[in-house]
């Protein structure tokens with residue numbers, strides 16, 4: 001996993017519900033943990049675009065419901081700044097379910113909606129299934 005080139009504002013936190021933007025079978029997850037988060041004791045972990053989270057599936061296929069899946073945040077409503085000075089924000093908060101985090105392999109075969117460029121830099125295999133990169 002590579003570092004990000006943008007200073008992403010951490011907009012989502014543990015307990016947030018996020019829409020799933022791929023065809024993996026899950027429709028909505030609740031963030032239960034942020035992978036690699038290091039913070040002060042008793043502080044709620046936060047995450048943003050390009051971060052890996054663990055989510056509990058709340059809405060989706062019966063075989064996917066109530067399971068814990070690794071996900072990557074691909075969109076967030078809160079704006080963040082790129083190195084060239086452009087500020088980016090999306091219409092909704094969205095994530096995709098990952099099959100293998102070590103390889104960066106997504107579980108679904110198609111992503112609905114745009115994907116942030118920061119995610120593509122960190123997980124190149126997502127490029128194959130994304131329809132639009134912003």
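Numbering (this note's numbering), first residue to last: 1 to 134.
Think of the CB as a built atom: it goes at the ideal place given N, C-alpha and C, for glycine as much as any other residue.
This structure is a prediction, so every number in the text was calculated from the model and none was measured.
What is the residue span of the beta strand (DSSP E) that residue 28 lies within? Here the beta strand (DSSP E) through residue 28 covers 26–34.
Distance check for residue 114 and residue 133, CA to CA, integer angstroms please. 6 Å
Just verifying my parser: in three-state terms, what is the DSSP assignment at residue 54? strand
Could you tell me if residue 63 is buried or exposed, where buried requires 16 or more neighbouring beta carbons within 10 angstroms of its beta carbon? exposed
Of the choices 26, 128 and 75, whose alpha-carbon is the least far from that of residue 69? Considering only alpha carbons, the answer is 26.
Determine, using beta-carbon pairs with one atom in the region 23–37 and one in the region 116–124, whether at least three such pairs fall under 8 Å. no
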